[in-house]
Amino acid sequence: MPGINEEKEAMRAAVTRGVGEKFEISEVTIAEPMDHEVLVDIRASGLCHSDITVAEQGMGVPMPVVLGHEIAGVVTAVGSAVSRIRVGDHVVAAALQPCGQCRACLKGRLWACSKPGALDRDPGAAPRLRDGKGALGQLQGLGGFAEQALIHENQLVAIDPAMPFEQASLIGCAVASGAGSVFNVARVQPGQSVAVFGCGGVGLNAIQAAVLAGATSVIGVDIQPEKLGLAKKFGATEVVDSSQVDVVQAIGELTESEGVDHAFVMVGVPAVAESALGVLGHDGTVYLIGGMSPGTELTLRPSPGDSLLLPYQQGVRGSWLGSSNFYNDIPLYVDLYLKGRLNLDDLVSNTIALDEINEAYEALEGGGVARSVITFPAPS
Ligand SMILES: [Zn+2]
Ligand SMILES: [Zn+2]
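Have a look at this one:
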């Protein structure tokens with residue numbers, strides 16, 4: 002074993018140096034794990050839309066930074082205090098940083114941890130990542146667009162090694178956010194109706210989770226025919242191309258004017274969230290899941306004639322990583338996949354090399370792609 006936190010390894014990472022800049026493939030030095038840290042050899046890393054939102058808009062994230070938060074890999078070293086994870090474990094990372102000790106964490110409400118930053122290194126300690134120009138941050142303590150990541154054990158879950166890495170990587174965000182919103186936040190009941198606005202990686206998981214929960218009407222809404230085709234493949238009972246028709250009117254007709262019980266908004270566009278309000282029935286709720294830029298304003302018109310928010314007792318809720326207690330939920334989604342009940346294969350549109358990250362994000366923004374996944378060959 003190398004000396005304590007002194008000898009470090011070099012690896013390649015896609016670094017985001019500033020807002021609006023392209024990903025830059027750089028040689029990065031990664032520290033040896035100390036205390037509760039785990040060194041992960043990344044095998045697959047999903048390209049979530051929220052990473053490109055951070056790269057393009059900043060969203061308050063300090064830079065330079067290594068983005069990437071959908072990670073699956075193999076543990077190669079652990080710090081002296083690590084107890085839950087072992088060398089050789091296959092792991093999935095979660096984009097939450099639960100301290101494990103506050104009241105929220107003890108109740109399993111990991112998304113509500115009251116001690117943000119508790120898992121970071123002491124500010125006086127050497128940085129986990131650095132390159133020739135200085136220290137690099139890790140988005141949400143992860144930094145998945147890299148060959149290796151140094152992650153606090155609280156953010157990792159060991160999984161069944163039968164699970165393929167590409168599919169496993171998507172569980173940490175796309176599946177947790179989409180399916181978790183349906184199971185944990187909305188708690189969709191058999192016989193209910195659901196509309197999903199935005200049928201990308203997160204939306205497709207909301208659709209298949211709604212089917213698993215017993216929803217009888219599952220309506221996928223998008224502006225891209227490829228994604229509407231995928232929505233049907235994942236179990237949507239109807240699809241609406243909102244570039245062609247008035248979505249409020251179309252869903253009104255599909256539900257015989259009853260509206261839906263739950264509307265999930267996966268895109269951070271205010272007009273889409275507002276039209277989701279227009280498709281709700283009595284006691285219906287809109288769930289906001291896609292990240293919105295700071296300062297975004299939504300217009301709520303609570304009176305009859307404008308909307309039925311008040312007399313119909315409708316609501317608007319946020320959903321953060323699907324209210325996931327990921328220690329429970331990640332193994333659950335792995336189990337559902339291995340038993341053929343969760344489709345993650347069709348979620349992986351294509352696999353790419355780390356060097357292709359800029360082009361892959363352009364393709365994602367161009368549409369038609371559920372998820373691209375960076376893969377790294379296993380060391381020989
Ligand atoms: Zn994500
Ligand atoms: Zn906590």
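Counting from 2, one number per residue, gives the positions in the sequence shown under the working numbering. Even for Gly, the Cβ is constructed at its ideal location relative to N, Cα and C. All figures in this text were calculated on a predicted structure; none of them were measured in a lab.
In whole angstroms, what is the alpha-carbon distance linking Val317 and Tyr288? In the sequence shown, counting from the first residue as 1, residue 317 sits at position 316. In the sequence shown, counting from the first residue as 1, residue 288 sits at position 287. Looking at the two C-alpha atoms, the distance is approximately 6 Å.
Taking the alpha-carbon of Ala264 as reference, which of Glu275, Val195, Ala214 has the nearest alpha-carbon? Taking the first residue of the sequence shown as position 1, residue 264 is located at position 263. Answer by Cα proximity: Val195.
Using the C-alpha atoms, what's the distance from Glu227 back to Thr54? Along the sequence shown, read from residue 1 onward, the residue named residue 54 stands at position 53. Along the sequence shown, read from residue 1 onward, the residue named residue 227 stands at position 226. Approximately 22 Å, taken between the alpha carbons.
Beta-carbon gap between Thr30 and Leu68 smaller than 7 Å: Taking the sequence shown and counting its residues from 1, one reaches residue 30 at position 29. Taking the sequence shown and counting its residues from 1, one reaches residue 68 at position 67. No; because the gap between Cβ atoms is not below 7 Å, this pair is not in contact.
Residues around ligand 2, please: the ones whose beta-carbon is closer than 7 Å to some heavy atom of it, in chain order. The set, ordered by position in the chain, is Pro99, Cys100, Gly101, Gln102, Cys103, Ala105, Cys106, Cys114, Ser115, Lys116, Ala119.
Would you say Cys49 touches ligand 1, meaning its beta carbon is less than 6 Å from a heavy atom? Counting from one through the sequence shown, the residue named residue 49 turns up at place 48. A distance criterion of 6 Å places the beta-carbon of Cys49 in contact range of ligand 1, judged by its closest non-hydrogen atom.
Shorter than 6 Å, the distance from the beta carbon of Cys174 to the closest heavy atom of ligand 1, or not? Start at 1 with the first residue of the sequence shown, and residue 174 comes out as number 173. Within 6 Å of the C-beta of Cys174 there is at least one heavy atom belonging to ligand 1.
Span separating the alpha-carbon of Val434 from that of Gly279: Nothing in the structure corresponds to residue 434, since the chain is present only between 2 and 381.
Would you decide whether Gln250 is buried or exposed? Buried here means 16 or more other CB atoms lie within 10 Å of its CB. Position 249 of the sequence shown, counted from the first residue, corresponds to residue 250. So Gln250 ends up on the exposed side.
What are the uninterrupted segments assigned as beta strand (DSSP E) that are 3 or more residues long and contained completely in the segment 192-226, given in chain order? Taken in chain order, the whole beta strand (DSSP E) runs of length 3 or more contained in the segment 192-226 are 194-198, 218-223.
Leaving out five residues on either side along the sequence, give the residues of the same chain with a beta carbon under 6 Å from the beta carbon of Ala82. For the purposes of this step, residue 82 is taken as residue 81 along the sequence shown, with counting starting at 1. Contacts found: Asp36, His37.
Contact between the segment 134-146 and the segment 40-55: three or more CB pairs below 8 Å? Three or more Cβ pairs drawn from the segment 134-146 and the segment 40-55 lie within less than 8 Å of each other, which places the two stretches in contact.
Every unbroken beta strand (DSSP E) inside the segment 245-294 [3 residues or more]: Here the runs fully enclosed are 261-266, 281-289.
Classify Gln168 as helix, strand or coil using the three-state DSSP reduction. The residue given as residue 168 occupies position 167 in the sequence shown. In the structure shown, Gln168 sits in a helix (DSSP, three-state: H, G or I).
Do Met293 and Gly269 have their C-beta atoms closer together than 7 Å? Here residue 293 corresponds to residue number 292 of the sequence shown, with the count starting at 1. Here residue 269 corresponds to residue number 268 of the sequence shown, with the count starting at 1. In this structure, Met293 places its C-beta atom within 7 Å of the C-beta atom of Gly269.
Within the same chain, show all residues whose beta-carbon is closer than 7 Å to that of Ile43, passing over the 5 residues directly before and after it, in chain order. One-based indexing of the sequence shown puts residue 43 at position 42. Excluding positions up to five away in sequence, the list reads Ile72, Gly74, Gly145, Ala147, Glu148, Gln149, Ala150, Phe377.
With distances taken between CB atoms, is the gap from Val266 to Ala274 smaller than 7 Å? For the purposes of this step, residue 266 is identified with residue 265 of the sequence shown, where counting begins at 1. For the purposes of this step, residue 274 is identified with residue 273 of the sequence shown, where counting begins at 1. Result yes, Cβ atoms of Val266 and Ala274 sit closer than 7 Å.
Is Glu7 helix, strand or coil by DSSP? The residue given as residue 7 occupies position 6 in the sequence shown. Low confidence applies here, because Glu7 scores a pLDDT of 47, under 50, leaving its location unreliable and the question unanswered by this model.
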